[in-house]
Every structure is written in C-alpha cells, then in structure tokens.
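Shown next, in structure tokens, is the structure this report addresses.
This is the structure:
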C-alpha cells in the first residue's frame, strides 16, 4: 500500500544506551547525544538525567506506561537503545511487550541489530499485529541479519538500510514486508560517510522486483551537501532530507499497509474515572 506522506512519529525509550556491533554503528548519533547529556547532568556522584551515565545500557521502569497516554500514532521503540540488547532482562522485555500488546491503536516500530536474539526469545513474547519488527543493514556483511528476521513471527518485518554505506547488489527480501533507506547523518565531528544515488537506486530496484514497499527516508549528509540541499530554516541540510530534491525515481515513501486507515479507525472511549489511561476501540 502506497502512502506518500510522512506521518508524524513519536519516540518511546524505555531503555537507553547500547553497544556498537557493526560498521553502521561507528558514527552513532545516539552515542553523541548521550555523551553530551552525560557531561551536562553527571557531576561524579549525582545522576540527574536518564543519560547521566552516557551510553551505558539502562532500563527505565518509569517509562513503561508512556504509551497508554497516547492516541493513535506511530511509535518508534528505543531510538536510543536496542530492545534486544544483551544486557536487557527478559522480565523487562516482557513488560515492554505487554505495553505494546495493550495499546493496539499504536503502531510500534522496533528496530534491532540483534535479530538472532529476537528469534531465540520469540516464544516469550506476543507479537500482536501492531508490532513491526525490523533490523538494520548498512553493509553486505550484515545481510545475515535478514535471515534471522524473516523467521520472527511479526506481522510486519522490515529492513532499514540505514546508514547505507556500500552497494548492496543482491538481497533476498523473501518474507520482508517493508524497506527503509537512508544515507548517514553527520556523526562525531560532523563526519559522514558517503552514500551514492546508485546504491539507493539498486535497493529500490530490488524492492520493486520483489514487490516490497520502500520508504526513502533521507539521502544522507554526503549527498545532501553535494546536491546543495537546505532545511526549512535555510541552512545546509546535513541529513539530505529535502524530499523535493530527491531524484524523481527516489521520491518514494510507502508503507506496507494503509497507515491513514489504521490511524483513523480508532475511537476513544470515555473513561468513567478522570485521569486514567486513555482507551481506544476500533470502528471496524
């Protein structure tokens, strides 16, 4: 199902911190943000902020209820971490899944670089239709992630070729429902590795051949600078996200389902008790 508008997304971080695994992690923007916040909030003894310990992995019990207060939306899970990090406890992971299971009006997008752990633990979780599970592939050496992902019992399985760091000539997308693509944004010291239009085009071509929805998120800072892109404030677009300047064949923002229909199907049920969680039921 094609949908050319980019929906407003929210972020839910019940966990923070991570460990680098692949070349795609080298210029991690999350590590940069966490390091900056750590310097601001950690004085050697007191920890005033979620990121006071920098990139150290942490679980946040106080955030588990956040989705219950939201209306229909798309929610990115753990943009600052990985739900299947090796230090994550099964008990906490199950609590995260419980929250996702009990909020059917929200599309939860869970992205991991550890799909083999998802497969190992899958029997402990309920993959309701509103949970999308994806993995990141930046280089050919990470294509094995997809082999694990396609075995996970998620309603929607997706691959994020972000940041795309080299030409991926041949990829088997059997069992994959959605692909996102993006070049690298500036990392440490504004470093950003190259991404070429030909590389993105080849991914799109393979999606079309294998009938997989594709979403071009951004071209990356390298191409953004090369193509003279600017952001809404008139400054250089360091993400390469000025959609109107994408080559026409790359102006693709598709979803595997009709997202507008999904988000508009929900009706809020008035609670008899003020201040309690919001509850939604489907009109269909």
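Residue numbers (this note's numbering): 832 to 1115.
From the three backbone atoms N, C-alpha and C, an ideal C-beta is built for every residue, glycine too.
Treat the numbers as computed from the prediction; the structure is a model and nothing was measured.
heavy atom of the ligand NAD below 7 Å from residue i C-beta
i            : result
residue 1057 : The ligand NAD is not part of this structure, which contains no ligands at all.
With 16 other Cβ atoms within 10 Å as the buried cut-off, status of residue i
i            : result
residue 1066 : exposed
residue 951  : exposed
residue 1080 : exposed
residue 949  : buried
residue 967  : buried
residue 840  : exposed
residue 973  : buried
residue 1068 : buried
residue 896  : exposed
residue 985  : buried
Rounded separation between residue i and residue j - CA only
i            : j            : result
residue 1011 : residue 1099 : 31 Å
residue 1070 : residue 1049 : 6 Å
residue 920  : residue 856  : 23 Å
residue 1027 : residue 978  : 26 Å
residue 1093 : residue 937  : 9 Å
residue 946  : residue 980  : 6 Å
residue 991  : residue 1013 : 8 Å
residue 1096 : residue 1113 : 5 Å
residue 1109 : residue 996  : 42 Å
Start-to-end residues for the alpha helix (DSSP H) that takes in residue i
i            : result
residue 1043 : Where residue 1043 is concerned, there is no enclosing alpha helix (DSSP H), given that its DSSP letter is neither H nor E.
residue 1055 : 1052–1057
residue 972  : No alpha helix (DSSP H) contains residue 972, which DSSP labels as neither H nor E.
residue 948  : 946–952
residue 929  : 921–932
Residues sharing a beta bridge with residue i, DSSP
i            : result
residue 1024 : DSSP output for residue 1024 lists no bridge partner at all.
residue 905  : 840, 938
residue 894  : Residue 894 is not bridged to any residue.
Proximity test, Cβ basis, 8 Å: residue i and chain C
i           : result
residue 947 : This model lacks chain C altogether; it includes just one protein chain.
Residue i: first and last residue of the uninterrupted beta strand (DSSP E) it sits in
i            : result
residue 1090 : Segment 1090–1095 is the alpha helix (DSSP H) holding residue 1090; no beta strand (DSSP E) there.
residue 989  : 987–992
Item checked: Segment contact flag, the region 1082–1092 with the region 920–933, C-beta cutoff 8 Å, min 3 pairs -> The region 1082–1092, when compared against the region 920–933, does not touch it at the 8 Å Cβ threshold.
Margin query: Contact between the region 1029–1036 and the region 1057–1066 is defined here as three or more beta-carbon pairs at a separation below 8 Å; is this criterion met?
Written below: no
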